[in-house]
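Residue numbers (the numbering used here), protein chains in the order written: chain A, 45 to 159; chain B, 6 to 120.
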Amino acid sequence: EAGVVQSPRYKIIEKKQPVAFWCNPISGHNTLYWYLQNLGQGPELLIRYENEEAVDDSQLPKDRFSAERLKGVDSTLKIQPAELGDSAVYLCASSPGQGAGGELFFGEGSRLTVL
Amino acid sequence: AQSVTQPDIHITVSEGASLELRCNYSYGATPYLFWYVQSPGQGLQLLLKYFSGDTLVQGIKGFEAEFKRSQSSFNLRKPSVHWSDAAEYFCAVGGYGGSQGNLIFGKGTKLSVKP
């Protein structure tokens, strides 16, 4: 069974440029999460989807960040424009659903460097 | 507010020695508690979790953790460390916002293993 797939693995951009990250969750997993991991820190939740609905986006900086999961499967996280402080690893995770015991399956992450 | 504290940023142990990684949490209700491991360049993997019941939980790779409500702790232990255990370990508490998967992570403890 394939795991959570993220791309790109690495991205280097100039500040003020846009960037997008893509995530394909494990097949059949209804719940999808985007987490942000700064250097030396633990991951922080940005947004949670139940199927195609964003049910918790309270931590997503909506002035420059956006996310979508149009068909309830794969998801895209966008930053426009990027700032220096956005340099971090963006992690996608999925789970079968609320009753699944809370285990999240994480992708390998997309590491963003903003110059 | 919910929080997780991992007091040790970096621990070095000799191969074959025992290991204990500390975790303290602050949470208003009965917590869902997790330990995840992150190897370099890899996604986070669940080691074990506690929801209720027996306060000593067994996980994968020979790890165990003990929930102590009176101390607000959930320390991770392993009786004999292997070189392949070198990684970063994250304690997390989940369940805020009505979702077990909304995790608050500690800052992590990096484990190095000496031969």
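Don't be surprised by glycine CBs; every beta carbon is placed ideally from N, CA and C.
- Rounded to whole angstroms, the separation of the alpha carbons of Ile-109(B) and Ser-75(B) is 20 Å.
- Segment contact: the segment 118 to 130 of chain A against the segment 56 to 64 of chain A, three or more CB-CB distances shorter than 8 Å; contact assigned.
- Under the three-pair Cβ rule at 8 Å, the segment 78 to 97 of chain B counts as touching the segment 27 to 46 of chain B.
- In the three-state DSSP reduction, Ser-131(A) falls in the coil class, being neither helix nor strand.
- About 10 Å separates the beta carbons of Phe-79(B) and Tyr-37(B), which is beyond the 8 Å limit, so they are not a contact pair.
- The segment 56 to 66 of chain B makes no contact with the segment 96 to 106 of chain A: fewer than 3 CB pairs, one atom from each, lie closer than 8 Å.
- The beta-carbon distance between Asn-107(B) and Arg-92(A), rounded to whole angstroms, is 6 Å. This is short enough to meet the 8 Å contact definition.
- Of the residues assessed, Trp-88(B) falls on the exposed side of the cut-off, its CB having fewer than 16 other CB atoms within 10 angstroms.
- Among the bridge pairs identified by DSSP, Gln-81(A) is matched with Val-133(A).
- Taking all protein chains shown into account, Asp-90(B) has 16 or more neighbouring C-beta atoms within 10 Å of its C-beta and is therefore buried.
- Under the three-state reduction of DSSP, Ser-78(B) is assigned to strand.
- In this structure Lys-112(B) touches Gly-86(A) by the C-beta definition: roughly 5 Å separates them, less than 8 Å.
- The three-state secondary structure of Asp-90(B), taken from DSSP, is helix.
- For Gly-100(B), the three-state secondary structure derived from DSSP is coil.
- Neighbours of Gln-47(B) in chain A, taken as residues whose beta carbon is under 7 Å from its own, are Glu-152 in chain order.
- For Ala-70(B), the beta-bridge partners assigned by DSSP are Val-62(B) and Leu-81(B).
- Within the same chain, Cβ atoms closer than 6 Å to the Cβ of Asn-95(A) are found at Asn-74 and Gly-116, the five residues on either side in sequence being excluded.
- In the three-state DSSP reduction, Arg-155(A) falls in the strand class (E or B).
- Under the Cβ criterion of 8 Å, Gly-33(B) is not counted among the residues facing chain A.
- Ranked by Cα distance from Glu-88(A), the options Val-118(B), Ser-117(B) and Gly-99(B) are led by Gly-99(B).
- Residue pairing by DSSP places Lys-115(B) opposite His-15(B) and Glu-93(B) in a beta bridge.
- Proximity of Arg-113(A) to chain B, defined by a Cβ-Cβ separation below 8 Å, is not satisfied.
- With a threshold of 8 Å between beta carbons, Pro-87(A) makes contact with chain B.
- Nearest Cα to Leu-90(A) within the set Ser-71(A), Gly-84(A) and Ser-110(A): Ser-110(A).
- Taking 8 Å as the cut-off, the beta carbon of Gly-141(A) is found no closer than this to the beta carbon of Cys-67(A).
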